[in-house]
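Counting along the sequence shown from 1, when you hit position 191 you're at 304 in the numbering used here, and nothing is skipped either side. Ideal Cβ positions, reconstructed from N, Cα and C, are used throughout, including at glycine.
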Amino acid sequence: MTTNRQFSLALQALTELKTDTSTPPSKPVAVAPALSAVLAEIGPIPAEALLLGIASDGLPVLLNLYDPHPGPMLIAGDAGSGKTAFLQTMAHSVAQTHEVGEVRFGVITNYPEEWESVTALPHQAGVFAVGRQDAQDFIHSLASWAHANKDTNQCMLLFVDDLESVASLDLQAVRDFRWLLLRGPARRVWPVVTLNAPRYGQVISWLQSFRTRIFGHVASRRVAEALGGDKASVLGQLEPRIQFSLRETTVPRALGGKENWLRFWLPSCDAERHGANGAH
114 MTTNRQFSLA LQALTELKTD TSTPPSKPVA VAPALSAVLA EIGPIPAEAL LLGIASDGLP
174 VLLNLYDPHP GPMLIAGDAG SGKTAFLQTM AHSVAQTHEV GEVRFGVITN YPEEWESVTA
234 LPHQAGVFAV GRQDAQDFIH SLASWAHANK DTNQCMLLFV DDLESVASLD LQAVRDFRWL
294 LLRGPARRVW PVVTLNAPRY GQVISWLQSF RTRIFGHVAS RRVAEALGGD KASVLGQLEP
354 RIQFSLRETT VPRALGGKEN WLRFWLPSCD AERHGANGAH
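Given below as structure tokens:
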């Protein structure tokens, strides 16, 4: 049985457990296949592709780093939904699928201790604590690099673990960050930012900058709809830390395209994280 097939069957089994109400079972503990096993099953990933997860049919969900159209990515969910785990899995996936000259990443976080497992990866440009000068210097250096970047295919990922933390940056860093949200993907700099969903009101002026929004578990329908969810998204049914969902359109809406919700699973990289909890 292939790894992707195991992934599909695991999702099916979890769905059946959730819908079977004849005898209330104890809450199932779903375990996703390891990232390394998933990548081995998928095979080589193109230099321009970044793995986000695995759909329920076993196919990989990929981001084309050479196509700026999706824009910066917002990962929204309740506390404990797996937002930090999502970023960390992306970091480990980069290290396993790309050369340093193709993709690198840097992290800005309130909890640097959660990111100890990535500090040894050659692809990392640094893990910076919010509020420290080096975090602001890193954002400025990325903006400067992006301004000058016209010919290289190398991509930089800017992981910001908690959008609210941007408010604590100085004025120049905020300006640089806004510019990266607007122009970064076209210059090979991809901001990937998490948001504690119930606190969206604290950063509501920033939300319009994110065309691509990936959702983890959001219990409140009101919060989910405020962030772009709808009745079909049922974000409250997502398995925390394992399942995520994004809105996809098969053809442009102007041409009559319909939007669907694509659920996918996050491969497990607990072994690589060495105990990082990623609860935020």
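Burial state of residue i, where buried means 16 or more other Cβ atoms lie within 10 Å
i      : result
Thr265 : exposed
Lys344 : exposed
His82  : Outside the displayed span of the chain (114 to 393) sits residue 82, for which this structure offers no information.
Val256 : Note on identity: in this sequence residue 256 is Ala, with Val being the wrong assignment. So Ala256 counts as buried.
Tyr466 : Residue 466 is absent from the structure shown; the chain starts at 114 and stops at 393.
Gly219 : buried
Ala337 : buried
His236 : buried
Ser135 : Confidence at Ser135 is low in this model, with a pLDDT of 39, below 50, so the placement of that residue should be treated as unreliable; the coordinate-derived value is given next. Ser135 comes out exposed.
Ser278 : buried
Ala286 : buried
Glu85  : The structure shown does not extend to residue 85, since the chain spans only 114 to 393, so no value can be given for it.
Leu284 : exposed
Gly342 : buried
Own chain, CB closer than 6 Å to residue i, minus 5 neighbours either side, in chain order
i      : result
Pro137 : Here Pro137 scores only 45 on pLDDT, less than 50, and its place in the model should not be relied on; the value that follows carries that caveat. None.
Gln209 : Leu152
Cys382 : Leu148, Thr202 and His205
Leu359 : Ile327 and Leu375
Pro311 : Val336
Val231 : Ala204 and Gln237
Asp247 : Phe241
Leu234 : Ala208
Ala160 : Glu215
Ala280 : none
Check whether residue i and residue j have beta carbons under 8 Å apart
i      : j      : result
Arg300 : Asn262 : yes
His253 : Asp275 : no
Leu270 : Val216 : yes
Leu178 : Leu163 : yes
Val207 : Ile221 : no
Pro347 : Val306 : It is Val, not Pro, that sits at residue 347 in the sequence shown. For Val347 and Val306, no; Cβs fall outside 8 Å.
Pro298 : Pro181 : yes
Pro183 : Leu176 : yes
Ala282 : Gln249 : Residue 282 is actually Leu in this sequence, not Ala. Their beta carbons are under 8 Å apart, which means Leu282 touches Gln249 by this criterion.
Pro353 : Gly156 : no
7 Å CB neighbourhood of residue i in its chain, flanking five on each side removed
i      : result
Leu379 : Ala145, Gly166, Gly195, Ala198, Phe199, Thr202, Ile355 and Phe357
Ala339 : Tyr313
Ile158 : Leu164 and Thr210
Residues that DSSP places opposite residue i in a beta bridge
i      : result
Ser322 : In the DSSP output, where bridge partners are listed per residue, Ser322 has none listed.
Pro237 : Residue identity differs from the one stated: residue 237 is Gln in this sequence, not Pro. Gln237 is bridged to Phe218.
Leu154 : In the sequence as displayed, the identity of residue 154 is Glu instead of Leu. Looking at the DSSP assignment, Glu154 forms no beta bridge with any residue, so it has no partner.
Phe357 : Phe377
Cys382 : Paired residues: none, contrary to the question.
Val302 : Met269
Asp170 : Answer is none; Asp170 lacks a bridge partner.
Asn223 : Note: Asn223 sits in no beta bridge, so no partner.
Glu328 : Correcting the residue type first, residue 328 is Phe in the shown sequence and not Glu. Looking at the DSSP assignment, Phe328 forms a beta bridge with Ala189 and Ser358.
Asn177 : Ala162
Thr307 : Ile188
Asp242 : The residue asked about is misnamed: residue 242 is Ala in this sequence, not Asp. Its beta-bridge partners are Thr222.
Close-in-space but distant-in-sequence residues of the same chain around residue i (CB under 8 Å, 5 per side omitted)
i      : result
Gly349 : His330, Val331, Ala332, Ser333, Arg334 and Ala337
Gln267 : Gly214, Glu215, Val216, Arg217 and Arg301
Gly239 : Gly219, Val220, Asp247 and Phe251
Exercise for the section: Pair every Cβ in the segment 328 to 348 with every Cβ in the segment 177 to 193, then say whether three or more of these pairs are closer than 8 Å. Expected result: yes
Problem - Cβ pair count under 8 Å reaching 3, the segment 292 to 299 against the segment 223 to 239 - result: no
Problem - Three-pair Cβ contact test at 8 Å for the segment 305 to 323 versus the segment 174 to 188 - result: yes
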